[in-house]
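As numbered in my numbering, residues 62 to 169 make up the sequence shown, in order.
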Amino acid sequence: MAEIRKIAVLGAGHGGTAAAADLSRRGFEVRLFARRPDTLAPYIAAGGIEASFHMGGIEDGLVPVASMTSDAAEAVVGADLIMLVVPSPAHGDCARLLAPLLKPEQIV
């Protein structure tokens, strides 16, 4: 199995933004996806996600994210790992969105 370096996080709610910030802080190339551009607009305007890390001595502050997009292909193509951080009723929509984009070596 190849090393995981590029991670697509699908879902920009509380869980998705927390995951994107944490993974970015850990050195992964993160691509945060939201269906609606207006969901990402505040993060794009700020230049990242304002996050609080209270474990492990990590500082609070703005965490830059490599890519924040409402284009699924931009988020997923070339990603080593794709994380669905969406409510379970959205899994079917995500599957239909991802089906034409996925490659066999990608982990979902």
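For every residue, glycine included, the Cβ atom is placed at its ideal position computed from N, Cα and C.
Measuring alpha carbon to alpha carbon, tell me which residue in Ala-160, Ala-151 and Ala-80 is nearest Glu-111.
Ranking the options by Cα distance to Glu-111, first place goes to Ala-80.
In angstroms, rounded to a whole number, what distance separates the CA positions of Ala-63 and Ile-143?
For Ala-63 and Ile-143, the distance between alpha carbons rounds to 14 Å.
Hey, out of Val-146, Ala-140 and Pro-148, whose CA is closest to Pro-165's CA?
Considering only alpha carbons, the answer is Ala-140.
Which class does Arg-66 belong to by DSSP, given the choice of helix, strand or coil?
It is coil, neither helix nor strand.
So, at 6 Å on beta carbons, what are the nonlocal neighbours of Ser-85 in its own chain, with the 5 sequence-adjacent residues on each side left out?
Closer than 6 Å at Cβ, skipping near neighbours: Val-91, Val-124 and Val-126.
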